[in-house]
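FYI, the numbering for the sequence shown is 7 to 76, going by our numbering.
Please read the structure below before turning to the comments.
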Amino acid sequence: MASEREPKGYVSNPFLNPIGFWQNYLINWIEASSGFYENAIKANEHWLKAFWDPWLRAAGLERKETAKIE
Numbered sequence: 007m008a009s010e011r012e013p014k015g016y017v018s019n020p021f022l023n024p025i026g027f028w029q030n031y032l033i034n035w036i037e038a039s040s041g042f043y044e045n046a047i048k049a050n051e052h053w054l055k056a057f058w059d060p061w062l063r064a065a066g067l068e069r070k071e072t073a074k075i076e
């Protein structure tokens, strides 16, 4: 039975109703994980700079700066 809010001839499909929820859930999950990966890469760069560079200087090896592509 169609309620007053649903247009006439509307048939509720229990398989299609949750699709909008899952689409939004997956889109938000992808955005959150991509933000996490970007921050993890930045954190990794900071840790390498803090701990790897002093070790290279102590060994007499200087790390060459490479062009960073963004």
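We put the beta carbon where it would ideally sit given N, CA and C, even for glycine.
| query | result |
| --- | --- |
| Just the C-alpha distance for residue 45 and residue 18, rounded to the nearest angstrom, thanks. | 43 Å |
| If we ignore side chains and look at the alpha-carbon of each, how far apart do residue 32 and residue 63 end up? | 45 Å |
| From which residue to which residue does the alpha helix (DSSP H) around residue 40 run? | 25-65 |
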